[in-house]
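Peer 1:
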Amino acid sequence: MNLDIVTRFAPSPTGNLNIGGVRAGIFAYLFARHNKGRFIVRIEDTDRERSKKEFEENILESLAWLGIEHDALYRQSAHAARHEELLRILVEQEKAYLSREAPNEEGGREEVIRFRNPGTVITFTDAIHGEISFDTAELKDFVIAKSFSEPLFHFGVVVDDWDEGVTHVIRGEDHISNTPRQILIQEALGAPRPHYAHLPLIMGSDGAKLSKRKGAKAITEYRGLGYLPEAVLNYDALLGWHPEGEKEIFSRSELIEAFTLERVQKSPATFDETKLLWFNREHLKLLSDTEFSKRLRDFSGVEADARLIPLLRERSQTLKEASDALAAGEYGFLCDSVSFSKELLLKGAKADAETVKNNLQKAAQLLKGVADEAFTAQEAKRAVFDYATGQGRASVLWPLRVALSGREKSPDPFTLCALLGKEKTLERIAGAVQML
RNA sequence: GGCCCUAUCGUCUAACGGUUAGGACAUCGGCUUUUCAAGCCGGUAAUCCGGGUUCGAUUCCCGGUGGGGUCACCA
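Mapping of the first sequence onto the working numbering: position 351 corresponds to residue 352, and the numbering continues sequentially without gaps.
1) Leucine 99 lies in the beta strand (DSSP E); which residues open and close that run?
2) Does the contact criterion of 3 or more C-beta pairs under 8 Å hold for the segment 142-152 versus the segment 165-181?
3) What is the DSSP secondary structure of lysine 358, counted as helix, strand or coil?
4) Compare the C-alpha of glutamine 435 against each of Leu61, Leu346 and Tyr388 and name the closest.
5) Thinking just about the alpha-carbon of each residue, which of Thr126, Thr121 and Phe125 is nearest to the one in aspartate 136?
6) On a CA-only basis, which of Ser338, Ala270 and Thr47 is nearest proline 201? Give me that one, please.
7) Nearest-angstrom Cα distance between glutamate 249 and valine 303?
8) Any chance you could list the beta strand (DSSP E) runs of at least 3 consecutive residues sitting entirely within the segment 193-268, in chain order?
9) Determine the contact status of tyrosine 388 and lysine 363, defining contact as a CB-CB distance below 8 Å.
10) Restricting to Cα atoms, I'd like to know which of Ile114, Asp325 and Thr126 is closest to isoleucine 90.
11) Okay, do the segment 246-263 and the segment 25-40 touch, 3+ Cβ pairs below 8 Å being the bar?
12) Are three or more beta carbon pairs between the segment 190-209 and the segment 66-77 nearer than 8 Å?
13) Which residue's Cα is closest to the Cα of glycine 26: Ala404, Leu234 and Lys351?
14) Using only CA atoms, which one of Gly432, Thr47 and Lys321 lies nearest to valine 339?
15) Going along the chain, which unbroken runs of the beta strand (DSSP E) with 3 or more residues stay wholly within the segment 159-197?
16) Could you tell me the alpha carbon to alpha carbon distance between leucine 367 and threonine 416, rounded to whole angstroms?
17) Among Leu312, Trp279, Ala217 and Ser406, which residue has its Cα nearest to the Cα of phenylalanine 293?
18) What residue range does the alpha helix (DSSP H) around serine 411 cover?
19) Between Ala138, Ala232, Ser78 and Glu165, which has its C-alpha nearest arginine 49's C-alpha?
20) Name, in chain order, the residues that DSSP records as bridge partners for glutamate 112.
21) Based on the DSSP secondary-structure assignment, which residues constitute the bridge partners of leucine 74?
22) Using the C-alpha atoms, what's the distance from lysine 267 back to aspartate 299?
23) Taking DSSP as the reference, what is the three-state secondary structure of proline 271?
24) Mind checking who arginine 9 pairs with in its DSSP beta bridge?
25) When DSSP builds the beta bridges, which residues end up paired with glutamate 376?
26) Using CA coordinates, which residue listed in Arg282, Glu315, Lys351 and Lys210 is at the minimum distance from alanine 395?
27) Report all residues from its chain with a CB closer than 8 Å to the CB of threonine 377; omit the five preceding and five following residues, and keep chain order.
28) For threonine 426, which residues of its own chain have a beta-carbon under 7 Å away from its beta-carbon, when the five flanking residues on both sides are left out?
29) Taking the alpha-carbon of isoleucine 186 as reference, which of Arg9, Phe156 and His243 has the nearest alpha-carbon?
30) Across which residues does DSSP place aspartate 136 in a beta bridge pair?
31) Which same chain residues, not among the five before or five after alanine 305, have their C-beta less than 7 Å away from its C-beta?
32) Tell me, to the nearest whole angstrom, how far the beta carbon of threonine 8 is from that of histidine 169; I am working on the premise that it is less than 8 Å.
33) Is the segment 100-107 close to the segment 70-89, with three or more CB pairs under 8 Å?
34) Do isoleucine 171 and isoleucine 123 have their CB atoms nearer than 8 Å?
35) Could you tell me which whole alpha helix (DSSP H) segments of length 4 or greater appear in the segment 301-358?
36) Hey, could you find the ends of the beta strand (DSSP E) valine 144 is sitting in?
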């Protein structure tokens, strides 16, 4: 492992992880893995009021689901002693000071610790945006802790990144304006300055930063909706980043292989659920039959008939769609007997009952000629297709399909033949002929 | 409002001074085993505006405008 590269993902457990929030984690992870470095997760739980265990669990669960594995996990609250030690040193050195003031909000302290701001111009290099400078004078002497035992965000970040050996701070662009403040603290502490990379934010359809309040779904909700983790990961990674070439479907290891900070976009990207759905379908198609049925089983507890798997996978955009179709009985014709009306049988045939009856009988005769062991979709088609074409396909194929499936919408008639087998196919056609 | 970031089809993006401005999603047509999907083929659709620099700007510089972020005893 290359310890010259250490990245971290530092979420605060104040909400569920969504597509926008997890992205910093994804990019930091991809960057670390690409460079054979270390990736750590740090839960920033210094705000006791707002931090909730359930959110921490949601964050960890989301990362695990996406396959983003960390090399170490820290909780910022566990570092209280270290924070206090450094806070006291800063105060002793008069780089920070205790400030008595009137609490300007509920629960505010009468005494807080302020950083003595030298008010210099801070310039840093961002891997994505290039050189950025700020005049920090306008920041005044900002508060870095409510008390020695209650450090605030900026102070905690700097100390922990330092102690954990973080070399590359990869986070959302909303932190650009926090960076000069943190650099000031680093300099006061004598801590090294890490490399910075500020990622473009992800916008919702309203054009503003994606947030739970604006209806952004939690990562775990996508799991519940039947999305594949590899699809969510792939889509999120390609939002604001693009490798060379026109390939779009990437596995996790391919993303790791291809990832570089150089090709990260500078401007924000809008989240498009429709495209996510497309990625999901593409990843669904990549699954083997056994893998697909395993995922479906894990998702809904349903064990699908093995014969249906290729159909289900081809016709569904999500695991939920597949399990819903199953639950709605869309493929019930496979095992159950079918029942349908004469109207449906003739509905799309564009021919009268007598003609349809003849066509069905002829089709049955032709299918009978196919060898039992060669009763595939291809052979079934070969047997009746020329006849159907001669008669007008609709007058043969539509009733054949309804006779076999009993449904207005279904897979094509030849696929149905193969699925049902010769005996059942002929049986059902005979049943339909009876009705006419 | 101050400060910071940013600007190619509706959306995600390619182009690193010279292209008929390419691809994907979506959309619209057509084809198919005249159903539903899928699939295949094709169409519509973009360089924010104004100045420079240059033989030549999507590309470099400046200004404007638009968008976003941030200005807590939250992170």
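Ideal Cβ placement from N, Cα and C applies to all residues, glycine included.
Peer 2: Let me spell this out:
1) 97-101
2) no
3) helix
4) Leu346
5) Thr121
6) Ala270
7) 31 Å
8) 196-200
9) yes
10) Ile114
11) yes
12) no
13) Leu234
14) Gly432
15) 169-173
16) 16 Å
17) Leu312
18) It is not in any alpha helix (DSSP H) - serine 411 carries neither H nor E in the DSSP assignment.
19) Ser78
20) Arg101
21) Val42
22) 39 Å
23) First, the amino acid is wrong: residue 271 is threonine here, not proline. Strand at threonine 271.
24) Ile41
25) A small fix is needed here, since residue 376 is phenylalanine in this sequence, not glutamate. DSSP output for phenylalanine 376 lists no bridge partner at all.
26) Lys351
27) Ala419
28) Leu368, Leu405 and Cys418
29) Phe156
30) Val122
31) Ser294, Leu297, Leu313 and Leu327
32) 5 Å
33) no
34) no
35) 310-316, 320-328 and 343-348
36) 144-148
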